[in-house]
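Undergrad:
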Amino acid sequence: MAILYENLLNITWQMVVMWIIGGVLIYLAIAKDMEPSLLLPIGFGTILVNLPMTGAVEPLGQLFDAGIATELFPLILFIGIGAMCDFSPLLSNPKLMLFGAAAQFGIFFTLCLASVFFDLRDAASIAIIGAADGPTSIVVAMKLGSKYLGPIMVAAYSYMSLVPIIQPPVIKLLTTKKERMIRMEYVERKVSRKTRILFPIIITAIAGLIAPASVALVGFLMFGNLIRECGVLNSLSETAQKVLANLITIFLGITIAMRMQADEFLSYQTLLIIGLGLIAFIFDTAGGVLFAKFMNLFLKPGKKINPMIGAAGISAFPMSGRVIHKMALKEDKENFILMQAMGVNASGQIASVIAGGLILSFFSNLIVGG
Amino acid sequence: MLNFLRGAMLAVEPMNFVANLKYMGLGMLGIFIVMGVIIGVTLLTNTIFSRGDEEEEDN
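Protein sequences, first through last, are from chains A and B. Heads up: the first sequence runs through residues 1 to 370, numbered per our numbering. Heads up: the second sequence runs through residues 1 to 59, numbered per our numbering.
(1) Under 8 Å, do L290 (chain A) and L113 (chain A) count as touching if we go by C-beta distance?
(2) State the Cα-Cα distance for the pair L226 (chain A) and G36 (chain B), rounded to the nearest angstrom.
(3) Can you tell me whether I3 (chain A) is helix, strand or coil according to DSSP?
(4) Do L276 (chain A) and I126 (chain A) have their beta-carbon atoms positioned less than 8 Å apart in this structure?
(5) Which one of A:R193, A:G82 and A:V140 has the shortest CA to CA distance from S361 (chain A)?
(6) Just curious, the alpha helix (DSSP H) that Y361 (chain A) is in, first and last residue?
(7) For E238 (chain A) versus R196 (chain A), is the C-beta distance shorter than 8 Å?
(8) Using the Cβ count rule (16 or more neighbours within 10 Å means buried), how would you classify R189 (chain A)?
(9) Within the chosen definition, does the region 197-208 of chain A reach the region 9-29 of chain B through at least 3 CB pairs nearer than 8 Å?
(10) Starting from T54 (chain A), trace the alpha helix (DSSP H) both ways and give me its first and last residue.
(11) Note down, in chain order, every chain B residue with its Cβ under 7 Å from the Cβ of T285 (chain A).
(12) Output yes if chain B places a C-beta closer than 8 Å to the C-beta of A155 (chain A); else output no.
(13) Return no unless some Cβ of chain B is closer than 8 Å to the Cβ of K293 (chain A).
(14) Is A346 (chain A) close to chain B? Criterion is C-beta to C-beta, closer than 8 Å.
(15) Give the range of the alpha helix (DSSP H) segment to which L371 (chain A) is assigned.
(16) Rank A:P200, A:I165 and A:A66 by C-alpha distance to the C-alpha of R322 (chain A) and give the top, closest one.
(17) Would you mind sorting F265 (chain A) into buried or exposed? The rule is 16 or more other CB atoms within 10 Å of its CB.
(18) Classify V218 (chain A) as helix, strand or coil using the three-state DSSP reduction.
(19) Does the region 328-346 of chain A come close enough to the region 210-225 of chain A to have 3 or more Cβ pairs within less than 8 Å?
(20) Look at the alpha carbon of D122 (chain A) and the alpha carbon of V368 (chain A), and state the distance between them as a whole number of angstroms.
(21) Residues in the region 103-131 of chain A with C-beta within 8 Å of chain B's C-beta atoms, listed in sequence order?
(22) By the three-class DSSP mapping on this structure, what secondary structure does F265 (chain A) have?
(23) Quick one: which chain B residues come within Cβ less than 8 Å of L91 (chain A)?
(24) With a threshold of 16 other CB atoms inside 10 Å of the CB of T42 (chain B), please say whether the residue is buried or exposed.
(25) How big is the Cα-Cα spacing for L40 (chain A) and I250 (chain A)?
(26) For A351 (chain A), which residues in chain B fall below 9 Å Cβ to Cβ?
(27) Got a sec: which bits of the region 193-224 of chain A sit with their beta carbon under 8 Å from any beta carbon on chain B, in order along the chain?
(28) Alpha carbon to alpha carbon, how far is L120 (chain A) from L111 (chain A)?
(29) For F87 (chain A), does the three-state DSSP call read helix, strand or coil?
(30) Quick check: V243 (chain A) and L91 (chain A), are their CB atoms within less than 8 Å of each other?
(31) Chain B partners of M34 (chain A), CB-CB under 9 Å?
(32) Could you give the distance in angstroms between the alpha-carbon of I107 (chain A) and the alpha-carbon of R259 (chain A)?
(33) Checking contacts by CB at 8 Å: is G343 (chain A) closer than that to chain B?
(34) Between the alpha carbons of N365 (chain A) and S146 (chain A), how many angstroms are there, rounded?
(35) Is there a C-beta anywhere in chain B that falls below 8 Å from the one on L98 (chain A)?
(36) Can you list, in chain order, the residues of its chain whose CB lies under 7 Å from that of L28 (chain A), leaving out five sequence neighbours each side?
Okay, structure coming up:
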């Protein structure tokens, strides 16, 4: 009879707190539709690894070693993300890429801020939450050997889903109503098939030559995009976008929960990481908006940029672009800046990966096994 | 709770913010350079292949 209840005596308050956290993540995924494909597996996995004497840690540990420690899961997921990305709005107006660069400001600002509380290895891993890009966060945190992969992932995916809540107040704070009502003419320029095919190859080559540490991330993203754009691999493109991405997402979420064990997760550092992640998102948004305002100083009336599109330069695609479009419509029902916002948002995908590569280049001496 | 706060206070190194500002400068400079190169090459590719497309259409 004792065998039925003796394990109950192994329950600790820390485990109970982790069950509650797991439950909250599952609730947010189901009831609030916040990144359900990742928060739900992470939430369930959190409960799973925090049961007393749990037998789940060993198989999940093997999955972790095989898929995350080797960075295979995030890189393979990038093939799917690349296949989903349509860079046409960006290719028809390449100058929009400047906003993608400006909106990475939060990453580098947070790096400085996080270094006040953490060593550089962890500070750089925390800063990359501002990339708004889960796979990049995993790769950077794993390469740098951060102890805080669990909190970093929870913060990254939670804030990605909170973009509609985080960005609007920051944008409103930094812009006037008049600026938010600026209309931008959209001239649809035809992008040739050759350009769309060459683009992923060129980006990979440039990233490889200038920021070699980013080439795995950029290369897998662009490989997925090449499959999409080449026009002769439609079934592979469809598989990468749906089956492959879904399969990896299932394993990724539940495997990350390996790092959600109470003894690792319940610390003041977790709270700090969650706070710093929010700061990274806020300063990304501010960086993009302020850069657009700066550019407007040099542009003639009629050619001015709606500064809100600068905020779409984060990697949360297509959510950020849609948020900006909705904000513009709220200010002026006939102001359509969706294409420009989506172009900037697509550039954020590329810029965030390059920012991750730059961080790895800066701290190459800290790379585990490097 | 007190230990929790004490632990947080002990780890604070405010001067690290200033010391690491160089990474902020280098990072932003680096990302603008890379994106600038990508913009240049994309504009060039657009120009070359839009001409090619026009010629194909003319033929």
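Here a beta-carbon is modelled for each residue, glycine too, at the ideal position from N, C-alpha and C.
TA: Reading from the atomic positions:
(1) no
(2) 22 Å
(3) helix
(4) yes
(5) A:V140
(6) It is Ser, not Tyr, that sits at residue 361 (chain A) in the sequence shown. First-last of the alpha helix (DSSP H) with S361 (chain A): L338 to F362.
(7) no
(8) exposed
(9) no
(10) Element bounds for T54 (chain A): n/a, residue is neither H nor E.
(11) Here the premise fails: no neighbours, minimum Cβ distance about 15 Å.
(12) no
(13) no
(14) no
(15) Outside the displayed range of chain A (1 to 370) lies residue 371 (chain A), so it cannot be described from this structure.
(16) A:I165
(17) buried
(18) helix
(19) no
(20) 13 Å
(21) Q104, F105, I107, F108, F109, L111, C112, L113, S115, V116, F117, F118, L120 and A123
(22) helix
(23) T42 and N46
(24) buried
(25) 9 Å
(26) I31, V34 and M35
(27) K194, T195, L198, F199, I202, I203, I206, A207, I210 and A211
(28) 8 Å
(29) coil
(30) no
(31) Ordered by position in chain B, no residue passes the 9 Å Cβ test against M34 (chain A), which lies about 28 Å from the chain.
(32) 23 Å
(33) no
(34) 14 Å
(35) yes
(36) M34 and L39
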